[in-house]
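The listed protein sequences derive, respectively, from chains P and Z.
Just so we're aligned, residue 1 is where the first sequence starts under the working numbering, counting upward by one.
Just so we're aligned, residue 1 is where the second sequence starts under the working numbering, counting upward by one.
Quick reminder that beta carbons are idealized off the backbone N, C-alpha and C, glycines included.
Everything on this sheet refers to the single structure shown next.
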Amino acid sequence: MRAGNPARSAARWIALAAVVALLAALPWCGNAVLVQFGISALLLATLAQGWNIIGGYAGYPSFGNSVFYGLGAYGVAIAMAQYQLPFWVGMLLALGLGVAFAGLLGLAVLRLRGHYFAICTLGLALVMTAIVSNLPLAGGNIGLVLPLLGNAALFYELALGLLVLATLTVFWLARSRFGLGLIAIRENEEGAAVMGVNTTLYKVLAFMLSAAFTALAGGIYAYYITYIDPAGVFDLALNVKMIIMAVFGGPGSVLGPVLGAFILSVISEILATKVTSVASMFFGIVIVVAVVFMPRGISHLVAHVRQAGWRYFVDNVRAHRL
Amino acid sequence: MDAILEARGLTKRFHGLVAVNGVSFQLRRGEILGLIGPNGAGKTTLVNMVSGTLAPTAGDLLFEGRSVRGVPAYRRAHLGIGRTFQVMKPFPGMSVLENVAVGALFGANGGERNLERARAWARACLESVGLGKRIAQRADALGGPDRKRLELARALAMKPRLLLLDEVMAGLNHVEIEEVIEDIRRVRAQGISILVIEHVMKAIKSLSDRVFVLHHGEKIVEGGTAEVLSDPRVVEAYLGRQRR
Ligand SMILES: Nc1ncnc2c1ncn2[C@@H]1O[C@H](COP(=O)(O)OP(=O)(O)O)[C@@H](O)[C@H]1O
Ligand SMILES: [Mg+2]
Chain P
1 MRAGNPARSA ARWIALAAVV ALLAALPWCG NAVLVQFGIS ALLLATLAQG WNIIGGYAGY
61 PSFGNSVFYG LGAYGVAIAM AQYQLPFWVG MLLALGLGVA FAGLLGLAVL RLRGHYFAIC
121 TLGLALVMTA IVSNLPLAGG NIGLVLPLLG NAALFYELAL GLLVLATLTV FWLARSRFGL
181 GLIAIRENEE GAAVMGVNTT LYKVLAFMLS AAFTALAGGI YAYYITYIDP AGVFDLALNV
241 KMIIMAVFGG PGSVLGPVLG AFILSVISEI LATKVTSVAS MFFGIVIVVA VVFMPRGISH
301 LVAHVRQAGW RYFVDNVRAH RL
Chain Z
1 MDAILEARGL TKRFHGLVAV NGVSFQLRRG EILGLIGPNG AGKTTLVNMV SGTLAPTAGD
61 LLFEGRSVRG VPAYRRAHLG IGRTFQVMKP FPGMSVLENV AVGALFGANG GERNLERARA
121 WARACLESVG LGKRIAQRAD ALGGPDRKRL ELARALAMKP RLLLLDEVMA GLNHVEIEEV
181 IEDIRRVRAQ GISILVIEHV MKAIKSLSDR VFVLHHGEKI VEGGTAEVLS DPRVVEAYLG
241 RQRR
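Rendered as structure tokens:
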């Protein structure tokens with residue numbers, strides 16, 4: 001809904017396109033470790049961006065997104081390992097499973113708000129892990145082995161492509177009638193309904209859109225890693241990670257979740273190689289400090305710290321203390 | 001004159017408490033109907049049932065001759081029912097313009113699909129209530145009186161055929177009340193039918209064509225404004241207590 005200066009916005013688009021081009025060229029540097037790290041960071045950024053749609057825009061803190069991820073991974077794994085179908089068919093299955101499940105789950109739980117919604121999706125995530133662990137088609141709790149492709153650069157470009165698609169979608173969302181309806185739901189659901197927003201439909205659609213990107217990321221991951229089991233892909237810790245990254249970067253913004261995912265991926269990578277044992281503790285501290293001093297994320301910080309200076313942090317501590 | 005809104009025995013029970021008890025009334029097309037009654041009389045509950053945020057325990061509600069029982073709030077907005085909230089419900093993190101644009105984008109008949117046109121209409125609505133200079137501000141940065149104006153602009157942006165105003169003048173000073181009375185007159189001149197809930201008697205007197213009174217959830221009096229306001233039961237239930 002912002003008009004913006006056309007020259008500045010053009011400059012911004014060019015800068016973003018340059019960043020994407022640079023990222024796309026990264027596999028040609030020939031550093032295998034870097035490419036591996038890149039795949040993981042890009043997939044995490046896609047997950048954070050997917051969570052951003054339901055959590056950041058519609059304001060529903062989903063713990064069900066790790067289920068969409070798991071379903072996506074299993075969609076590809078079942079298609080390729082059990083039926084010897086090509087990867088793209090597996091991706092279609094991943095998309096179908098994730099989106100269909102989000103639709104059903106959404107109709108059931110999106111009438112709950114706040115903590116109730118979070119807890120309910122959390123419970124469902126646990127139930128899904130148990131169900132998949134007992135499905136022979138999904139390989140039970142042993143898991144499934146996929147054919148080995150061994151082309152890391154390809155997975156890297158796929159992950160980058162998906163992230164760009166997810167981010168362009170959120171960019172459109174932030175400027176569309178649909179997106180404004182979602183923000184209205186987040187800001188005051190009863191007010192939105194009385195003003196004509198079909199809140200149930202919008203929430204379910206947002207959940208399905210969120211699931212689409214999450215499931216496709218799971219599908220890419222499955223083929224890339226070539227072996228999946230229920231505990232590995234229906235991982236609640238992954239859901240927590242998406243939330244932390246999106247919230248750290250700025251939920252309800254277009255680029256925030258991506259920035260958050262990149263920054264936290266780098267920090268956690270450095271900590272993991274340098275100071276193994278205390279790495280997770282440091283990670284935790286980074287998050288606590290971030291939440292206290294910049295609760296609205298990096299994107300908000302970047303936009304406001306220049307005028308407010310150090311007062312930005314002081315005001316945040318004041319405004320959000322208990 | 002036909003009724004745009006008709007309530008038949010509308011009742012709302014909250015557990016043991018009967019907040020609205022068998023209320024029937026008609027709101028004629030193009031009229032301003034006043035609704036008064038002491039705090040806790042059930043006025044807001046009645047508005048909630050008309051706008052669809054609360055389901056009645058019993059009774060029926062007809063909008064433009066058709067029952068809207070079971071019709072969800074958003075569909076009633078599309079049919080042309082707009083309202084303001086006594087306890088205001090703005091979208092705090094959005095700009096004032098975006099707040100109103102939501103009404104333009106989703107209101108009567110599903111709203112305007114074109115963002116540019118919706119924004120232009122939202123700006124016009126904001127200007128009509130004197131908020132034209134505040135469009136870029138965040139809604140939660142507005143002061144009390146401006147929030148009331150925003151509440152009105154949001155409802156107007158929906159292009160409603162029926163407007164329910166739940167104490168839009170509470171907390172305003174004399175000058176501001178006069179302004180809002182003028183705003184409401186202009187709204188009516190566009191052919192919008194209005195239900196006004198107000199404790200400000202000056203507003204009820206100068207705006208309403210007719211008035212009805214709720215007391216303990218029941219309609220106790222209905223009729224022409226002057227005659228209702230001088231009715232002994234009303235003075236007893238409501239005005240008398242306030243004067244003391
Ligand atoms: N959601 C609710 N749950 C329980 N009681 C309610 C609820 N809403 C209103 N009430 C009660 O119903 C009665 C009427 O309230 P209300 O309609 O707000 O009155 P008014 O708007 O005339 O001041 C009050 O006694 C109030 O406490
Ligand atoms: Mg009230």
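DSSP places residue 198 (chain Z) in no beta strand (DSSP E); its state is neither H nor E. Under the Cβ criterion of 9 Å, residue 34 (chain Z) is not counted among the residues facing chain P.
Between residue 176 (chain P) and chain Z, the shortest Cβ-Cβ separation is below 9 Å. Under the three-state reduction of DSSP, residue 180 (chain Z) is assigned to helix. By DSSP's assignment, residue 6 (chain Z) forms a beta bridge with Z:26, Z:62.
Judged by DSSP secondary structure, residue 219 (chain Z) falls outside any alpha helix (DSSP H) and instead within the beta strand (DSSP E) spanning 218-224.
In this structure, residue 39 (chain Z) has its beta carbon less than 8 Å from a heavy atom of ligand 1. Just so you know, the alpha carbons of residue 258 (chain P) and residue 46 (chain P) end up roughly 7 Å apart. Non-local C-beta neighbours of residue 239 (chain P) in its own chain, meaning closer than 6 Å and more than five positions away in sequence, comprise 63, 65, 66, ordered along the chain. By the C-beta density criterion, residue 104 (chain P) is exposed, having fewer than 16 other C-beta atoms within 10 angstroms.
For the stretch 150-181 of chain P, the set of residues with a beta-carbon nearer than 8 Å to any beta-carbon of chain Z comprises 175, 176, 177, 180, 181, in chain order.
Using a Cβ-Cβ cut-off of 9 Å, residue 110 (chain Z) counts as an interface residue toward chain P, since at least one Cβ of chain P sits closer than that to its own. Closer than 8 Å to some heavy atom of ligand 1: that does not describe the Cβ of residue 52 (chain Z).
Of all residues in the stretch 251-273 of chain P, those with a C-beta nearer than 9 Å to a C-beta of chain Z are 252, reading in chain order. Going by C-alpha positions, residue 54 (chain Z) is about 53 Å away from residue 145 (chain P). By DSSP's assignment, residue 301 (chain P) forms no beta bridge with any residue. Residue pairing from DSSP places residue 34 (chain Z) in a beta bridge opposite Z:196, Z:211.
Beta-bridge partners assigned by DSSP to residue 163 (chain Z): Z:82, Z:194. The Cβ of residue 193 (chain Z) sits no closer than 9 Å to any Cβ of chain P. C-alpha of residue 172 (chain Z) to C-alpha of residue 108 (chain Z): approximately 29 Å in a straight line.
In this structure, the CA atom of residue 2 (chain Z) is about 23 Å from the CA atom of residue 43 (chain Z). Secondary structure at residue 175 (chain P): coil, using DSSP grouped into helix, strand and coil. The Cβ neighbour count for residue 151 (chain Z), taken over all protein chains shown within 10 Å, is at least 16; the residue is labelled buried. In the DSSP assignment, residue 25 (chain P) falls within the alpha helix (DSSP H) that extends over 6-25. Residue burial is scored here from C-beta neighbours: residue 200 (chain Z) has at least 16 other C-beta atoms within 10 angstroms and is therefore classed as buried. Using a cutoff of 8 Å, the CB of residue 22 (chain Z) does not count as near ligand 1, since none of the ligand's heavy atoms is closer than that.
Residues of chain P with a Cβ closer than 9 Å to the Cβ of residue 91 (chain Z) are, in chain order, 183, 184, 186, 187, 188, 191, 192. Non-local C-beta neighbours of residue 197 (chain Z) in its own chain, meaning closer than 6 Å and more than five positions away in sequence, comprise 35, 43, 166, 167, ordered along the chain. Residue 230 (chain P): member of the alpha helix (DSSP H) spanning 230-233, first to last residue. A check of alpha carbon separations from residue 24 (chain Z) across Z:87, Z:174, Z:91, Z:221 identifies Z:221 as the nearest. Of all C-beta pairs linking the stretch 93-108 of chain Z to the stretch 146-163 of chain Z, three or more are shorter than 8 Å, placing the two stretches in contact. Annotation: the continuous alpha helix (DSSP H) that includes residue 145 (chain Z) extends over 144-157. Counting only the Cα atoms, residue 51 (chain P) lies some 7 Å from residue 242 (chain P).
For residue 160 (chain Z), the closest of Z:105, Z:15, Z:117 by C-alpha to C-alpha distance is Z:105. In this structure, the alpha-carbon of residue 160 (chain P) lies about 12 Å from that of residue 168 (chain P). At least 9 Å separates the CB of residue 14 (chain Z) from every CB of chain P.
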